[in-house]
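>
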Amino acid sequence: MINIILPVDFSEATDKLVEGALKFAKETKGKICLIHVAPSDIGFAIGDMGFQYFPEVEQNEIKQELMQLNNLEQRIIAQGVDCEHLLKQGVAGDIILEYAKEKKASYMVMGSHGRSNMYDVFVGSLTKELTRRSPIPVLVIPIH
Numbered sequence: 001m002i003n004i005i006l007p008v009d010f011s012e013a014t015d016k017l018v019e020g021a022l023k024f025a026k027e028t029k030g031k032i033c034l035i036h037v038a039p040s041d042i043g044f045a046i047g048d049m050g051f052q053y054f055p056e057v058e059q060n061e062i063k064q065e066l067m068q069l070n071n072l073e074q075r076i077i078a079q080g081v082d083c084e085h086l087l088k089q090g091v092a093g094d095i096i097l098e099y100a101k102e103k104k105a106s107y108m109v110m111g112s113h114g115r116s117n118m119y120d121v122f123v124g125s126l127t128k129e130l131t132r133r134s135p136i137p138v139l140v141i142p143i144h
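So the sequence shown is residues 1 to 144, counted in the UniProt record's numbering.
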């Protein structure tokens, strides 16, 4: 069975991305490996006293994101596709590529939001980064 890495960010585009990954997984008889990378700075806030860390905020956010991953996994399994998930904190591109290597993945599925090149200049694009750095094929699904 081939492993298909599916990074998700829980944006409005996630449902369309999951639909595309499901179709691809069914065609290739693949397993979907969901991954969500949370930022390392969850729980930090800037206030009158400078940077402050609130562990309860971080714990609540991680708990919510894990519940969302569990729900996505169950939706995928209900469609007849094998699935597992991982939630990590850190630099998204590096962690996703590390996960793909660990899973010996054959493909990665990413979304393209159809933003302009100016957006990429100022904000960057994880899809663009991963299509450039990934040693495995990246299927890009238009999400606009």
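Just so you know, even glycine gets a beta-carbon here, dropped at the ideal spot from N, CA and C.
How far does the alpha helix (DSSP H) with Glu102 in it extend, from its first residue to its last?
Here residue 102 is taken as the residue at index 102 of the sequence shown, counted from 1. Per DSSP, Glu102 belongs to the alpha helix (DSSP H) from 92–102.
> Where do the N-terminal and C-terminal ends of the alpha helix (DSSP H) with Lys31 fall, by residue?
As a position in the sequence shown, residue 31 is number 31, starting the count at 1. Here Lys31 belongs to no alpha helix (DSSP H); instead the beta strand (DSSP E) covers 31–38.
> Where does Gly80 fall in DSSP's three states?
For the purposes of this step, residue 80 is taken as residue 80 along the sequence shown, with counting starting at 1. It is coil, neither helix nor strand.
> Please name the residue in Leu6, Gly30, Asn71 whose C-alpha comes closest to that of His36.
Indexing the sequence shown from 1 puts residue 36 at position 36. Of the candidates Leu6, Gly30, Asn71, the one whose C-alpha sits nearest the C-alpha of His36 is Leu6.
> Mapping DSSP to helix, strand and coil, what is Leu17?
Start at 1 with the first residue of the sequence shown, and residue 17 comes out as number 17. Leu17 falls in the helix class under three-state DSSP.
> By a C-beta neighbour count over all protein chains shown, 10 Å radius and 16 as the cutoff for buried, is Ile76 buried or exposed?
Start at 1 with the first residue of the sequence shown, and residue 76 comes out as number 76. So Ile76 counts as buried.
> Can you give the Cα-Cα distance for Pro137 and Thr131, rounded to whole angstroms?
For the purposes of this step, residue 137 is identified with residue 137 of the sequence shown, where counting begins at 1. For the purposes of this step, residue 131 is identified with residue 131 of the sequence shown, where counting begins at 1. Their backbone Cα atoms lie some 8 Å apart in a straight line.
> If we ignore side chains and look at the alpha-carbon of each, how far apart do Ile4 and Glu56 end up?
If you number the sequence shown from 1, residue 4 lands on position 4. If you number the sequence shown from 1, residue 56 lands on position 56. For Ile4 and Glu56, the distance between alpha carbons rounds to 33 Å.
> Reducing DSSP to helix, strand and coil, say where Met108 ends up.
The sequence position of residue 108 within the sequence shown is 108, counting from 1. Note: Met108 maps to strand in three-state DSSP.
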